[in-house]
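Residue numbers (the working numbering): 1239 to 1395.
Only one structure is covered here, and it is reproduced in the block below.
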Amino acid sequence: MDNRVTADDLDSALDRMSREHETVFHYHLTEFMASHLTDCCSVFDGDLHEMLVFTILAQRYLRDQVARLHDEAEAQPEERRVISATRIAAQTGMPRETVRRKLQALQARGWVEKTGRAEWRIAVTDGQATARLGLEDFLRREARRVIRFTRALKPIV
């Protein structure tokens, strides 16, 4: 079963939503984002730049995990799972030195590790991302938030 959504499907849903439910959509989106960012501020001690750096690393780690779950590919090559501070800076628009400080703070938490090639990745212990233990409550709240958001949008999309 192919659950992929085409660009035409997205455009059609967006056009319908814009015509009929734009205010309702923006309300639910704003509610979701405010709750999400407030929670992120709490988890990351008010440092949303640190959260963004962590999220970029987590995205690379999780892309590999999803591929493994779906047998779409073997494990990603190491170069797909690691990223340099310079590349994170370019992707986020943050100064490279700020990114380096955020990476060092995440390393102090035990959530990321530096590879021998001056690149960074999510720290893993016994096959599990080390950060997961510290983020379990947050991830549960986040899942609930996403479910509420998608249920709120279902009638209008």
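For every residue, glycine included, the Cβ atom is placed at its ideal position computed from N, Cα and C.
- According to DSSP, what are the bridge partners of Ile1360? Taking the first residue of the sequence shown as 1, we reach residue 1360 at position 122. Val1350.
- Item | First through last residue of the alpha helix (DSSP H) which encompasses Asp1283 | Taking the first residue of the sequence shown as position 1, residue 1283 is located at position 45. Premise fails: Asp1283 is in no alpha helix (DSSP H) and is neither H nor E.
- Task: Assign Ile1396 to one of three DSSP states: helix, strand, or coil.
- Result: Because the chain is modelled from 1239 through 1395, residue 1396 falls outside the range shown and cannot be assessed.
- Message: With three or more beta-carbon pairs closer than 8 Å as the criterion, would you say the stretch 1379-1395 touches the stretch 1250-1265?
- Response: yes
- Enclosing alpha helix (DSSP H) for Met1255 [first to last residue]: By 1-based counting over the sequence shown, the position of residue 1255 is 17. That run of the alpha helix (DSSP H) goes 1245-1258.
- Inter-residue spacing [alpha-carbon to alpha-carbon] between Pro1333 and Val1243: As a working mapping, residue 1333 is identified with position 95 in the sequence shown. As a working mapping, residue 1243 is identified with position 5 in the sequence shown. Between Pro1333 and Val1243, the C-alpha separation is close to 36 Å.
- For Ile1294, three-class secondary structure by DSSP: The residue you call residue 1294 lines up with position 56 of the sequence shown. Here Ile1294 sits in helix by DSSP.
- To the nearest angstrom, report how far apart Phe1387 and Leu1286 are at their CA atoms. Numbered from 1 along the sequence shown, position 149 holds the residue referred to as residue 1387. Numbered from 1 along the sequence shown, position 48 holds the residue referred to as residue 1286. So the alpha carbons of these two residues sit roughly 22 Å apart.
- Task: Specify, as a first and last residue, the run of the alpha helix (DSSP H) that Ala1330 falls within.
- Result: The residue given as residue 1330 occupies position 92 in the sequence shown. It should be pointed out that residue 1330 corresponds to Thr in this sequence rather than to Ala. 1323-1330 is the extent of the alpha helix (DSSP H) around Thr1330.
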